[in-house]
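Written out below as structure tokens is the structure these notes cover.
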Amino acid sequence: MKIVSVLSGILIGVVLLGASVAAKAQTPGDLERAERMGQQLYQLDRAFNAANVAGQDTRAFRRSDEITGWVSGQRDGDVWLTFVGESKKQGPIALFQMAISAVGTPVGEMQRLDEEPLSGELLVQYSARKLAEALPHTQCATQTDTLMIPETTPAGTVWQAYVLPHSAFGDVLMLGGSVRVTVAADGTRVDASQALGGEACTVVQNPADAPALQVSEGTQGGPNELHVYLSLRAGKPLYVIDGERRWLVQDGHIRAVPNG
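The sequence shown begins at 673 in the working numbering and counts up by one.
Here it is, written out as structure tokens:
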């Protein structure tokens, strides 16, 4: 079913396939967390994309078929991404590494590493990543990526693994099939799993000439970090319709706005 909404004379298309129930984020604390995590998702995704594009200039990286995932960390304000492979004898090994600045630009070139085994926090992060990816969930795209963010909670530090589908089309943003998996700090146990865009394969049409986007998540939905991330990625405001409530997600922030 295709739902078409008009906002201030602007035609915006939203495709909904089946029912959709999203994670709620409606208290001030929930909204603040959604903003923070959504901004971090966007920054990490931007760093990964920048490294992947820049890495195409390195023949070994471009032609490598050994990469099975990646992990990241902060150093001197830069995001360091380590691309990982798996060895039958050594387990996860570091293959390539690159630094991306806080504004999303490469710092130096892609470095080829000596295939040393992962250790410490990077090994834990990779283990948590693989555990999250193995968890069954709604599959809405053939291509997915997993973004790992550590989060300090009242119960302690955990890994938030975001398994996100990607459309093959630049004018389509994927909501359905996006999952947040909470993994224990040691990377050995899944503590929780939450569908962020509902269980159905919901997508948002993002035509180049549309100055804003809109999605309806039904009465059980509400804005969360996925909406913040997608708004930043699209570079456009995103309206989230939650029953009789209407939210504006813009520039990494969420606020309630009047209906109409």
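A virtual CB, placed ideally from N, CA and C, is assigned to each residue, including glycine.
Contact between the segment 718-729 and the segment 910-919: three or more CB pairs below 8 Å?
no
Determine whether the beta carbon atoms of Ala766 and Arg801 lie at a separation below 8 Å.
Residue 766 sits at position 94 when you count from the first residue of the sequence shown. Residue 801 sits at position 129 when you count from the first residue of the sequence shown. One thing to note: Ala766 has its Cβ no nearer than 8 Å to the Cβ of Arg801.
Would you check if the segment 788-797 and the segment 759-778 touch, i.e. whether three or more CB-CB distances between them fall below 8 Å?
yes
Around the C-beta of Leu898, are 16 or more other C-beta atoms found within 10 angstroms, so that it is buried, or is it exposed?
Taking the first residue of the sequence shown as position 1, residue 898 is located at position 226. Leu898 is buried by the Cβ-count criterion.
From this set, Glu871, Val851, Gly870, which residue's C-alpha is nearest Val862's C-alpha?
For the purposes of this step, residue 862 is taken as residue 190 along the sequence shown, with counting starting at 1. Considering only alpha carbons, the answer is Val851.
What residues are listed by DSSP as bridge partners for Leu836?
The residue you call residue 836 lines up with position 164 of the sequence shown. Leu836 pairs with Asp817.
Can you tell me the Cβ-Cβ gap for Ala723 and Ile772, rounded? I've got them flagged as a contact below 8 Å.
Residue numbering aside, residue 723 sits at position 51 when the sequence shown is read from its first letter. Residue numbering aside, residue 772 sits at position 100 when the sequence shown is read from its first letter. 6 Å between Cβ atoms; contact.
For the alpha helix (DSSP H) that contains Gln762, what are its first and last residues?
Along the sequence shown, one-based indexing puts residue 762 at 90. Per DSSP, Gln762 is not a residue of any alpha helix (DSSP H), being assigned neither H nor E.
Taking 8 Å as the threshold (C-beta atoms), are Thr777 and Cys873 in contact?
Your numbering for residue 873 matches position 201 in the sequence shown. Your numbering for residue 777 matches position 105 in the sequence shown. No, Cβ-Cβ distance for Cys873 and Thr777 is not below 8 Å.
Based on Cα-Cα distance, which residue from Ala856, Met846, Gly848 lies nearest to Leu803?
In the sequence shown, the residue the question calls residue 803 occupies position 131. Leu803 has its Cα closest to that of Ala856, out of Ala856, Met846, Gly848.
I need the DSSP call for Leu904, collapsed to helix, strand or coil.
Locating residue 904 in the sequence shown gives position 232, counting from the first residue. Helix at Leu904.
For Gly681, count the other beta carbons within 10 Å of its own beta carbon; 16 or more makes it buried, fewer makes it exposed. Which is it?
The residue you call residue 681 lines up with position 9 of the sequence shown. Residue confidence is low: Gly681 scores 35 on pLDDT, short of 50, so the model does not pin down where it sits. Its coordinate-derived value is still stated next. So Gly681 ends up on the exposed side.
Measure the alpha-carbon distance for Pro826 versus Thr854 and round it to whole angstroms.
As a first step, residue 826 is located in the sequence shown; it is residue number 154 there, counting from the start. As a first step, residue 854 is located in the sequence shown; it is residue number 182 there, counting from the start. Whole-angstrom Cα-Cα distance: 14 Å.
Where Met846 and Val779 are concerned, what is the direct C-alpha to C-alpha distance, given to the nearest angstrom?
Residue numbering aside, residue 846 sits at position 174 when the sequence shown is read from its first letter. Residue numbering aside, residue 779 sits at position 107 when the sequence shown is read from its first letter. Rounded to whole angstroms, Met846 to Val779 spans 30 Å at the Cα level.
Please classify Asp737 as buried or exposed, where buried requires at least 16 other C-beta atoms within 10 Å of its C-beta.
For the purposes of this step, residue 737 is taken as residue 65 along the sequence shown, with counting starting at 1. Under a 10 Å Cβ-count criterion, Asp737 is classified as exposed, with fewer than 16 other Cβ atoms of the shown protein chains found around its own Cβ.
Going straight from the alpha carbon of Gly741 to that of Ala867, what length do you get?
In the sequence shown, counting from the first residue as 1, residue 741 sits at position 69. In the sequence shown, counting from the first residue as 1, residue 867 sits at position 195. Going from the Cα of Gly741 to the Cα of Ala867 covers about 22 Å.
Give the secondary structure of Thr891 by DSSP, where H, G and I count as helix, E and B as strand, and everything else as coil.
If you number the sequence shown from 1, residue 891 lands on position 219. Note on Thr891: pLDDT 35, under 50, position unreliable in the model; the coordinate value appears next. It is coil, neither helix nor strand.
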